[in-house]
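Working notes, structure below.
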Amino acid sequence: MIRVSVDSASIDVGIELAGIEQSGAGGIASFIGVVRGDDGVTCLELEHYPGMTEAVLCDLAEQAMTRWALMSAVIVHRVGPMEPGERIVLVATAAAHQPK
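For the sequence shown, the residue numbers in the working numbering are 997 to 1096.
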């Protein structure tokens, strides 16, 4: 299962991880990127090319699924204005148990 989303809405990590946990995987790895407030940053605004952004992220997820024999991959990326501390991106992958 691959799920890619590019949206201006906040990322609900609990909902996203609950979805990938239902894959029956033996292990889940995730990364969350957040806006830093370094050097007086008060806002970060990201723009994207609709359609192209999703296609490239989906291609990256497909490559990862093949390279590491993953069961699931989720990429959720924010666009629009974000304040320090807000989540920008969530990447989560799930894989089966290793053979004994």
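Every residue gets a Cβ at the ideal spot worked out from N, C-alpha and C, and that includes glycine. Every value quoted in this text rests on a predicted model; they were computed, and no experiment measured them.
Local conformation of residue i per DSSP, three classes
i: Leu1097; result: The displayed coordinates of the chain run from 997 to 1096. Any statement about residue 1097 would go beyond what the structure contains.
i: Arg1032; result: coil
i: Glu1017; result: helix
Rounded separation between residue i and residue j - CA only
i: Ala1057; j: Leu1086; result: 13 Å
i: Glu1012; j: Glu1079; result: 21 Å
i: Ala1005; j: His1093; result: 33 Å
i: Arg999; j: Leu1040; result: 25 Å
Environment of residue i [buried if 16+ CB atoms lie within 10 Å]
i: Thr1089; result: buried
i: Ala1065; result: exposed
i: Arg1063; result: exposed
Those residues which DSSP pairs with residue i across a bridge
i: Asp1003; result: Arg1074
i: Thr1089; result: Ala1025 and Ala1069
i: Ile1084; result: Per DSSP, none; premise fails for Ile1084.
i: Ile998; result: Ala1069
Whole-Å CB distance - residue i paired with residue j, under 8 Å assumed
i: Gly1015; j: Val1070; result: 7 Å
i: Val1031; j: Gly1081; result: 6 Å
i: Ile1028; j: Val1002; result: In fact, because the Cβ distance is near 16 Å, the residues do not count as touching under 8 Å.
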